[in-house]
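Residue numbers (my numbering): 1 to 580.
Data block below; observations after.
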Amino acid sequence: MFLKRNSFHFMFPIVLVLLSANYGFAQNGKLQLHVTPRRAYVFVDDHAISEASKHPTLTLAAGDHKVELVNYGYAPVTRTVTIVAGQTTPLEVNLQPVGAKVSGPFGAISVKGADRDAVLLNGKTPDFFVGHGDEFNTDFLWWKQELVVPPGTYDMTVQSGDKDVWSGQVTVAADQRVVVAVPKGVKKTVSWHRGDKLGTVPRFTVGVASATVAVAKPTAEVSASASQLNCGDSSQLKWTSTDAPKIEISPLGPVAISGEQAVQPTQTTTYTLTGVGPGGTTTSNVTVNVNSAVQADLTLSPAEVQYKRVGDQVIQQGSSALNWNSSNASSVSINSLGTVDASGTQNLSVVPKRNDPGPVDETVTYTLNATNVCGGSETKTVALHIVGEIVPGALLMRSVYFPTDMPKSVKSETALLASEKETLRSIAEEFKKYLAYKPDAHLLLAGHADRRGPQAYNKPLSERRAELAKRFLVEQGVPEANIEVQAFGKESNLTTEQVRQLLDQDIQLSEEKRQMVTKKLDNIVLAYNRRVDLTLSSTGQESARTYPFDTEDFARLVDRNGPKKPNGVELAAQREREGN
Numbered sequence: 001m002f003l004k005r006n007s008f009h010f011m012f013p014i015v016l017v018l019l020s021a022n023y024g025f026a027q028n029g030k031l032q033l034h035v036t037p038r039r040a041y042v043f044v045d046d047h048a049i050s051e052a053s054k055h056p057t058l059t060l061a062a063g064d065h066k067v068e069l070v071n072y073g074y075a076p077v078t079r080t081v082t083i084v085a086g087q088t089t090p091l092e093v094n095l096q097p098v099g100a101k102v103s104g105p106f107g108a109i110s111v112k113g114a115d116r117d118a119v120l121l122n123g124k125t126p127d128f129f130v131g132h133g134d135e136f137n138t139d140f141l142w143w144k145q146e147l148v149v150p151p152g153t154y155d156m157t158v159q160s161g162d163k164d165v166w167s168g169q170v171t172v173a174a175d176q177r178v179v180v181a182v183p184k185g186v187k188k189t190v191s192w193h194r195g196d197k198l199g200t201v202p203r204f205t206v207g208v209a210s211a212t213v214a215v216a217k218p219t220a221e222v223s224a225s226a227s228q229l230n231c232g233d234s235s236q237l238k239w240t241s242t243d244a245p246k247i248e249i250s251p252l253g254p255v256a257i258s259g260e261q262a263v264q265p266t267q268t269t270t271y272t273l274t275g276v277g278p279g280g281t282t283t284s285n286v287t288v289n290v291n292s293a294v295q296a297d298l299t300l301s302p303a304e305v306q307y308k309r310v311g312d313q314v315i316q317q318g319s320s321a322l323n324w325n326s327s328n329a330s331s332v333s334i335n336s337l338g339t340v341d342a343s344g345t346q347n348l349s350v351v352p353k354r355n356d357p358g359p360v361d362e363t364v365t366y367t368l369n370a371t372n373v374c375g376g377s378e379t380k381t382v383a384l385h386i387v388g389e390i391v392p393g394a395l396l397m398r399s400v401y402f403p404t405d406m407p408k409s410v411k412s413e414t415a416l417l418a419s420e421k422e423t424l425r426s427i428a429e430e431f432k433k434y435l436a437y438k439p440d441a442h443l444l445l446a447g448h449a450d451r452r453g454p455q456a457y458n459k460p461l462s463e464r465r466a467e468l469a470k471r472f473l474v475e476q477g478v479p480e481a482n483i484e485v486q487a488f489g490k491e492s493n494l495t496t497e498q499v500r501q502l503l504d505q506d507i508q509l510s511e512e513k514r515q516m517v518t519k520k521l522d523n524i525v526l527a528y529n530r531r532v533d534l535t536l537s538s539t540g541q542e543s544a545r546t547y548p549f550d551t552e553d554f555a556r557l558v559d560r561n562g563p564k565k566p567n568g569v570e571l572a573a574q575r576e577r578e579g580n
């Protein structure tokens, strides 16, 4: 009554599972099982077969097969076997008992109509196998075939071959027995008085016409080697579990039933371990706190520096040391420096943005940004004060030269030849820039005449030359109040030796040209003395006495008699006569 089976119900699915479709028996071989305990259940290629003692020999298609042998209270064994057509392959397995006795409280489940179909709780793989239907279908006098479970709700599945015969939820209370009729799934609950009399129960007990499977609650525990981390640091998770073939750790995902794993969270994270087994679900959690705060500091030493430049020459250029440090940061940058180390020092050679003459009073800002992958950030800013001045350098000035006996009038611009006008324009632009820096500066224009003629004639002539140069400078935008005029006539003439030295010092004069003009040295000395010298009052800088030998109007300038008709033909002839 208790162990009889309907052979047609059992054998029909086995034939479907084990035989290779449409290949014929010539393609098959046999698997011969020798399993301890004899009631261990057999799964082949994820198909529920039967109790091993009932089918010691299985006919399988030739090839590799996954064979799983399970018995609650014993460690499951999985083997890959190779079946050869027409041959018998032996497989001998001794399952090893695991786990201690199970303590209450208890409830019970009876399964009717499932024969030797596999019964699984809370999962659909062999790991969740608790027994077969013929082990849980009797509660009569001293013959007990029952599934003993902790109180709770279970997802129960009855499998035969590759099909679920029945699946549904079963809620079991303490000292109650739930009867499940398969395949209809009709359930009823009755009192189970022996439940409160059970102390500890072995996981698997079998006798004559009796069997008891006592399912244990799963246990699980997770811990962390460090519960307080700075951003970027790691903690080692360690976990253990029992009676829970399915283990997940949120947010990591599925893991082994026990193990260790390094984690590097970017924010405070609670790791929840969930263990699921035939006896229910258990959880354990541990929280790893992440310090995302970034600490940073930025200083300047000194915070103010001096700068002075005269012309193109830097006279004083102060420097400052930029010092910084940070902690708990994975990325540190400073504007103008780019990415930097977490801590460091940078010497700063400071150049102001201002480039024109005048006072320097500027502030340069340095900002440090430190961040980490955990969302932490810190910003520090310091300001470097640059004070000083930019002083104009020497003005680009050369003396201005005039033709013989010109000008006759201060209004006669014909005395200012094109090359000399261009020279004065350049001087005007330079001096106007200088005035922006030093508004009280003056240009002193000193007129000269060559040695010929009396001083009474030459001094007014030299004055007209200075006045004409002044008038032209004013027309170019130089304030008249910043120009002074002097007249020396033929006093302070350059000597022949001085002119010779000027010729030797003129780097723009080719050797060939120097020899040519030297042949007319007396005439050149006269030309050098028909000039206006310029002096910058604030510095005493004097204009360079460089003669315009390479200009188009050179011949007119050096003509000792003065041109009668300043047309192109005469100018060209004159240049040739003068050796230009």
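We put the CB at the ideal spot given by N, CA and C, even for glycine.
None of these values were measured; they are calculated from a predicted model.
Taking every protein chain shown into account, the CB of Phe106 has 16 or more other CB atoms within 10 angstroms, so this residue is buried.
Excluding residues up to 5 positions away in sequence, Phe43, Glu68, Val70 and Pro76 lie with their Cβ nearer than 7 Å to the Cβ of Pro126 in the same chain.
Within the DSSP bridge table, the entry for Ile249 names Gly253 and Leu273 as partners.
If you draw a straight line from the Cα of Gln295 to the Cα of Thr282, it is about 41 Å long. Only exposed fits Val186, as fewer than 16 other CB atoms lie within 10 angstroms of its CB.
DSSP, reduced to helix, strand and coil, places Phe204 within a strand of the structure shown. For Leu536 against Leu435, the beta-carbon gap comes to about 11 Å, at or over 8 Å, which does not count as contact.
Counting other Cβ atoms within 10 Å of its Cβ, Ser543 reaches 16 or more and is therefore classed as buried. Sequence-distant partners of Pro407 (beyond 5 residues in either direction) whose C-beta falls short of 6 Å from its own C-beta, in its chain, are Ala415, Arg464 and Leu468. In the structure shown, Leu60 adopts extended strand secondary structure according to DSSP, grouped into three states. The three-state secondary structure of Gly131, taken from DSSP, is strand.
Note that the segment 359-378 touches the segment 329-341; at least 3 beta-carbon pairs, one per stretch, sit closer than 8 Å. Leu557 sits away from Tyr457, with the two beta carbons spaced by 8 Å or more.
Between Asp361 and Ile390, the beta carbon gap of about 11 Å keeps them out of contact (Cβ cut-off 8 Å).
When C-beta atoms of the segment 198-210 are compared with those of the segment 173-189, fewer than three pairs fall below 8 Å, so the two segments do not count as touching.
Under the three-state reduction of DSSP output, Phe554 falls in the helix class. The segment 159-229 contains no complete alpha helix (DSSP H) run of 4 or more residues.
Residue range Leu521 to Asn529 is occupied by the alpha helix (DSSP H) that includes Asn529.
A residue is called buried when at least 16 other Cβ atoms come within 10 angstroms of its Cβ; Asp134 meets this threshold and is buried. Distances from the alpha-carbon of Gly318 to those of Asn347, Gly311 and Gly338 put Asn347 closest.
For Asp504, the uninterrupted alpha helix (DSSP H) segment begins and ends at Thr496 to Gln505. Thr82 counts as exposed, since fewer than 16 other C-beta atoms from the protein chains shown sit within 10 angstroms of its C-beta.
Sorting Pro302, Ser462 and Ala394 by C-alpha distance to the C-alpha of Gly311 places Ala394 at the top. Note: Glu389 is bridge-paired with Lys308 and Pro359 in the DSSP secondary-structure output.
Within 10 angstroms of the beta-carbon of Ala555 lie 16 or more other beta-carbons, which makes it buried.
Under the three-state reduction of DSSP, Asn458 is assigned to helix. For Val102, the closest of Gly113, Gly86 and Tyr72 by C-alpha to C-alpha distance is Tyr72.
Take the alpha-carbon of Leu503 and the one of Pro302: they are about 52 Å apart. Annotated three-state conformation of Gln27 is helix, per DSSP. Contact annotation, His65 with Asp45: C-beta distance approximately 6 Å; criterion of less than 8 Å satisfied. For Leu468, the secondary structure class from DSSP, reduced to helix, strand or coil, is helix.
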